[in-house]
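Student:
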Amino acid sequence: MIKLEHVSVVFKQKQHKEVSAVRDVSLHIQKGEIFGIVGMSGAGKSSLIRTLNGLQKPTSGQVYVDGEDITNISGSKLRTIRKKMGMIFQHFNLISRKTVGQNIELALKIQNYPKENRKTRVKELLEIVGLTEKEHIYPASLSGGQKQRVGIARALATNPKVLLCDEATSALDVQTTEEILELLKKINKELSITIVFITHQLEIAKVLFDRIAVMSDGFVVEENDTYEIFASPTNEVTRALIKDNIKLPVQVVKDSKGEILTVVYKGEKSVEPIISLANKKFDIILNILHGKIEYIQQKPIGILVVTLEGSLDECEKAKKYIAENVEEITLYNRSEEGEPICNIA
19 MIKLEHVSVV FKQKQHKEVS AVRDVSLHIQ KGEIFGIVGM SGAGKSSLIR
69 TLNGLQKPTS GQVYVDGEDI TNISGSKLRT IRKKMGMIFQ HFNLISRKTV
119 GQNIELALKI QNYPKENRKT RVKELLEIVG LTEKEHIYPA SLSGGQKQRV
169 GIARALATNP KVLLCDEATS ALDVQTTEEI LELLKKINKE LSITIVFITH
219 QLEIAKVLFD RIAVMSDGFV VEENDTYEIF ASPTNEVTRA LIKDNIKLPV
269 QVVKDSKGEI LTVVYKGEKS VEPIISLANK KFDIILNILH GKIEYIQQKP
319 IGILVVTLEG SLDECEKAKK YIAENVEEIT LYNRSEEGEP ICNIA
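For the sequence shown, counting from 1, position 260 maps to 278 in the working numbering; every step adds exactly one.
Next comes the structure, spelled out in structure tokens:
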């Protein structure tokens, strides 16, 4: 559906200084998938997504949408391409003096949607986003989640093939964010719309994206399906973004005897009793201090923090056995920060 080939974006600032916002990015986004672009502020996410609908021309490289090279098109051809792509913004951008229905109708008017069909289309869109009763209400009376639903309805106005979402939930609370994500998943499934979503919020990535590209300093440093990104990140930037910052209470750390280990499970191993088996197999004591299993793309990832006590020989055997049966095992730093200090596996 969308293909980027060696795309770079360079901005020229005062005194002829150049800033590289996007550096040699190549991505293939499949039709019907929800593709996430994640990274910290300044990573280049917004500049990259703006190349997809022609709001930002690449300095070099090519951008293809639905098989068409849009890199250098303009005028009526660009307007035609933009009809295929809806945009959802962080801050809603609704016109306060117009009602909900009028805000959506304006989007239809801008795209030259047949005038005689606009009222019917507005009602259809409001039904899709669950705001049928809000057609004649002004934006000031809406909650943040309702305003974003209007933004989504407006983006869907001309039956686009792609939705571009620029930090579309970062201004919302947790519960409202969950509702918006469920709505986007429903739209993706029922309308077969490809969604490209940029965010710095990793919790969103876990529940929404099929695949993820991680950006840092303009580069895509890692790309994979969502489960593998969280279960087996390969780049240090990705690991820093997704690491589970487990911080045990200082007193618990001080009172614990022996070594403290952080154990990460993946897939079927997440539900295997490795710790219990190690306790039985070796002359050691493993005590669980913290544990959780979460599901990403319906597959589990488990994390345990345990203490290990016993003779040096038995402890080394136990650690080797555990390392052979889990994704990762690290030593827990006995400082207040509680960060892993080395990888045993």
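All C-beta atoms, glycine included, are put in the ideal place defined by N, C-alpha and C.
To the nearest angstrom, how far is the alpha carbon of R167 from that of T187?
Tutor: 11 Å
Student: Our contact map puts I52 next to F227 with C-beta atoms below 8 Å; I'd like the distance itself, whole angstroms only.
Tutor: 5 Å
Student: Can you name, in chain order, every residue of its own chain whose Cβ lies under 8 Å from the Cβ of D243, other than the five neighbours on each side?
Tutor: D228, R229, I230 and Q315
Student: If contacts are defined as beta-carbon pairs under 8 Å, then E246 and I216 qualify, I think. What distance do you get, rounded to the angstrom?
Tutor: At roughly 20 Å, the Cβ-Cβ gap does not stay under 8 Å, so E246 and I216 are not in contact.
Student: Out of L112, L70 and P291, state which residue places its alpha-carbon closest to the alpha-carbon of Y156.
Tutor: With distances taken between CA atoms, Y156 lies nearest to L112 out of L112, L70 and P291.
Student: What ranges does the alpha helix (DSSP H) occupy inside the region 207-264, keeping only unbroken runs of at least 4 residues that lie completely in it?
Tutor: Every unbroken stretch of the alpha helix (DSSP H) spanning 4 or more residues and falling wholly within the region 207-264 is given here in chain order: 220-226, 244-249 and 254-260.
Student: Does the beta-carbon of I311 have 16 or more other beta-carbons within 10 angstroms, so that it is buried, or is it exposed?
Tutor: exposed
Student: Could you round the C-beta distance between L181 and I213 to whole angstroms and report it? I think they count as a contact, below 8 Å.
Tutor: 5 Å
Student: Whole angstroms are fine: how far does the CA of N253 sit from the CA of L279?
Tutor: 22 Å
Student: Do E327 and I302 count as a contact pair if the criterion is CB distance below 8 Å?
Tutor: yes
Student: Counting pairs of Cβ atoms below 8 Å between the region 20-38 and the region 76-91, do you hit three or more?
Tutor: yes
Student: Would you say the region 83-102 touches the region 160-174, given that touching needs at least three Cβ pairs under 8 Å?
Tutor: Cβ pair count under 8 Å is below three, so no.
Student: Tell me the DSSP secondary structure of R136 in three-state form.
Tutor: helix
Student: Figure out for me which residue from G276, L266, P318 and I321 has the closest Cα to the Cα of E334.
Tutor: G276
Student: Rounding to the nearest angstrom, what Cα-Cα distance links R206 and M19 in this structure?
Tutor: Note on identity: in this sequence residue 206 is Asn, with Arg being the wrong assignment. Going by the C-alpha atoms only, they are around 14 Å apart.
Student: Which whole-angstrom value is the C-beta distance of I198 and G163, which I expect to be below 8 Å?
Tutor: 6 Å
Student: So within the region 304-347, which uninterrupted beta strand (DSSP E) runs reach at least 3 residues, ignoring any that extend past its ends?
Tutor: 317-328
Student: Taking only runs that begin and end inside the region 34-105, name each unbroken alpha helix (DSSP H) of 4 or more residues, in chain order.
Tutor: 63-68 and 93-101
Student: Could you tell me if R68 is buried or exposed, where buried requires 16 or more neighbouring beta carbons within 10 angstroms of its beta carbon?
Tutor: buried
Student: Going by alpha carbons, who is nearest to E286 out of V344, Y350 and R139?
Tutor: V344
Student: Below 8 Å on the Cβ atoms is my guess for I347 versus A296; work out the distance and round it to an integer in Å.
Tutor: That belief does not hold up - the Cβ atoms of I347 and A296 are roughly 11 Å apart, past 8 Å.
Student: Taking just the CA atoms, how far does E123 sit from L144?
Tutor: 11 Å
Student: Spatial neighbours of Q31 within its chain, please: C-beta separation below 8 Å, excluding the five flanking residues on both sides.
Tutor: Cβ neighbours of Q31 beyond the five flanking positions: V37.
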